[in-house]
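Novice:
Protein chains in written order, with my numbering: chain A, 2 to 266; chain B, 110 to 355.
#1: With a threshold of 8 Å between beta carbons, is residue 187/B in contact with chain A?
#2: Determine which residues of the region 201-235 of chain B have a Cβ less than 7 Å from any Cβ of chain A, and write them out in chain order.
#3: So, for residue 134/A: in the same chain, excluding its five sequence neighbours on each side, which residues have a beta-carbon less than 7 Å away from its beta-carbon?
#4: By the 10 Å Cβ neighbour count, where 16 or more other Cβ atoms means buried, how is residue 174/B classified, buried or exposed?
#5: Going by alpha carbons, who is nearest to residue 156/A out of 194/B, 288/B and 148/B?
#6: In chain order, what residues of the same chain lie with their CB nearer than 7 Å to the CB of residue 162/A, ignoring the 5 residues before and after it?
#7: DSSP puts residue 129/B in a beta bridge; with which residues?
#8: Let's see if you can read the secondary structure: which residues bound the beta strand (DSSP E) around residue 356/B?
#9: Distance check for residue 168/B and residue 126/B, CA to CA, integer angstroms please.
#10: Can you give me the start and stop residues for the beta strand (DSSP E) that residue 230/B sits inside?
#11: Based on Cα-Cα distance, which residue from 295/B, 129/B, 119/B and 137/B lies nearest to residue 316/B?
#12: Distance, Cα to Cα, residue 198/B vs residue 41/A?
#13: Among 148/A, 92/A, 70/A and 136/A, which has the Cα closest to the Cα of residue 212/B?
#14: Pull up the distance between the alpha-carbon of residue 35/A and that of residue 183/B, whole angstroms please.
#15: Candidates 304/B, 290/B and 294/B: which alpha carbon is nearest residue 275/B's?
#16: Within 8 Å, do at least three Cβ pairs link the region 23-35 of chain A to the region 73-87 of chain A?
#17: Hey, is residue 197/B's beta-carbon within less than 8 Å of any beta-carbon in chain D?
#18: Of all the options 146/A, 25/A, 132/A and 37/A, which has the alpha carbon lying nearest to the alpha carbon of residue 94/A?
#19: Taking Cβ-Cβ distances shorter than 7 Å, what residues in chain A pair up with residue 167/B?
#20: Please report the straight-line C-alpha distance between residue 140/A and residue 173/A, rounded to a whole angstrom.
#21: Within the same chain, show all residues whose beta-carbon is closer than 6 Å to that of residue 241/B, passing over the 5 residues directly before and after it, in chain order.
#22: How about residue 334/B and residue 298/B: are their beta carbons less than 8 Å apart?
#23: Can you pull the chain B residues whose beta carbon is under 7 Å from the beta carbon of residue 216/A, in chain order?
#24: From which residue to which residue does the beta strand (DSSP E) around residue 260/B run?
#25: Is DSSP giving residue 67/A helix, strand or coil here?
#26: Compare the C-alpha of residue 258/B against each of 161/B, 132/B, 180/B and 210/B and name the closest.
#27: Straight-line CA distance for residue 232/B to residue 239/A?
#28: Give the C-beta separation of residue 213/A and residue 246/B to the nearest angstrom, bearing in mind that I take them to be a contact with Cβ-Cβ under 8 Å.
#29: Would DSSP call residue 192/B helix, strand or coil?
#30: Assuming residue 122/A and residue 229/A make a contact with CB atoms under 8 Å, what is their CB distance in whole Å?
#31: Going by alpha carbons, who is nearest to residue 188/B out of 120/B, 270/B, 309/B and 164/B?
#32: Taking 6 Å as the limit between beta carbons, can you name the residues of its chain near residue 124/A, skipping five residues before and five after?
#33: In the region 48-92 of chain A, which residue ranges form an unbroken alpha helix (DSSP H) of at least 4 residues, counting only runs that do not cross its ends?
#34: In chain A, which residues lie with their C-beta within 7 Å of the C-beta of residue 194/B?
#35: For residue 140/B, which three-state DSSP category applies?
#36: Here's the rule: buried if 16 or more other CB atoms are within 10 angstroms of the residue's CB, otherwise exposed. What is residue 59/A?
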């Protein structure tokens, strides 16, 4: 494949991922679900391992395992005997380690572990790009439909219930959306860094806007900017793509603080 | 207001409502009614089941269908105890009123804010509001839906003393203007008793119920809140009513 086409593919994939991560990431930040996102992402490695073990598409494995983690967390969140971050910690590190152990059993399979952990733009194929764009449109369409009730229940869950919002169902759907985005983002940013694309652009956008909707939009724009600059850096200096994008995103975050401060608007 | 109670003014009722949580009885055969145009206040110590009762009446918590009755098609406006909006969520007063399933027009939002006296705050971020301003904003949002009954959980929490009086006066005004029913929950006795048509004293079961003055003389009420508090309340009444006569 010529270099230019190859660049275009990875750039398109990155833009698609960033566009979806913006609005979804806002809810992750508003609902304080950063650690939750990390847990689903770590579980993704188990998904990859199982995908290899059953000789199917690793992405399918990721969707299934992340979805299963979402379900487990959904049903366990009402229990009171363990604090939720303890529970998340057990699931997060448990599934990550389980994934590594399963991969250890399959030494005959050659796979690029570093690529999965930190992202590898070289691994992005045309099929991946199509998958990301279709998945992205689906996630955004569902999120747009749920936007108003989800926002209300994020502000106050009981108020939403009193006004007839199906809080539990929407919460479950939202967790599945995160699982999908993680599966989409994993190849580009890497399992260990996936949540940064949800959190950093949204947090950066917070400094620049006055409404939830503007923050969602701005999150997408900042994510796309991070992906573009990060890929440039990565190609130019041959640095790993995922960390390069995250470093750029972090610099934009610091920069947005520098110009505006915490205005609390 | 209480004289006009009848079957046609009834908006909301619980009958012999039982609710247990983890083997403990939270509510024990609680009955309560809210009629159009009346202010009903549930008072009781912390942990007496006040908020649970409110949530059941609002339909947030489930119960056996036969124990709660709502007028068909009833619109309820809910003002929760507190709404901790994280500073990381950008939100203006105007946008807050537009939260929810239906989109509202800017003019209807401004009108609602006018009702509660905070129209000037329309473009302000919610994070800089005082306790009283925040309550008025939430109250305005509840009024937007033209509720038949307004439900308020500890409406003056986080509001200073002068603000408390004004807030209760405002609730009374809204009741007069829209002849809606008002159900409020409070653990603060002094002002509440004055702003109320009916008091329901709750400590898992209904200890006593009636007009404020009757309730404050009830032995179980005195036992629950302590003789001293009740004495000062009686004094307060005496004083208050004498002032009104002049």
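Glycine is no exception: its CB is placed at the ideal position from the N, C-alpha and C atoms. The model shown is predicted, which means the values in this text are computed figures rather than measured ones.
Specialist: Taking the geometry as given:
#1: yes
#2: 201, 204, 208, 209, 210 and 234
#3: 17
#4: exposed
#5: 194/B
#6: Taken in chain order, the residues that qualify are 168.
#7: 134/B
#8: Residue 356/B falls outside the range modelled here, since chain B spans only 110 to 355, and no answer is possible.
#9: 13 Å
#10: Unbroken run through residue 230/B: none, as it is neither H nor E.
#11: 137/B
#12: Straight-line spacing of the CA atoms in residue 198/B and residue 41/A works out to 23 Å.
#13: 148/A
#14: 39 Å
#15: 304/B
#16: no
#17: Of the protein chains in this structure, namely A and B, none is chain D.
#18: 37/A
#19: 163
#20: Roughly 14 Å separates the two Cα atoms.
#21: A distance below 6 Å between beta-carbons, with the five flanking residues on each side excluded, links residue 241/B to the following residues of its chain, in chain order: 268 and 272.
#22: Contact: yes.
#23: 199
#24: 258-262
#25: helix
#26: 180/B
#27: 48 Å
#28: Their Cβ separation, rounded to whole angstroms, is 16 Å, which puts residue 213/A and residue 246/B out of contact at 8 Å.
#29: coil
#30: Between residue 229/A and residue 122/A the Cβ distance is about 13 Å, and since that is not below 8 Å, they are no contact.
#31: 164/B
#32: 116 and 188
#33: The alpha helix (DSSP H) runs of length 4 or more contained entirely in the region 48-92 of chain A are, from start to end of the chain, 59-77.
#34: 156
#35: strand
#36: Flag for residue 59/A reads buried.
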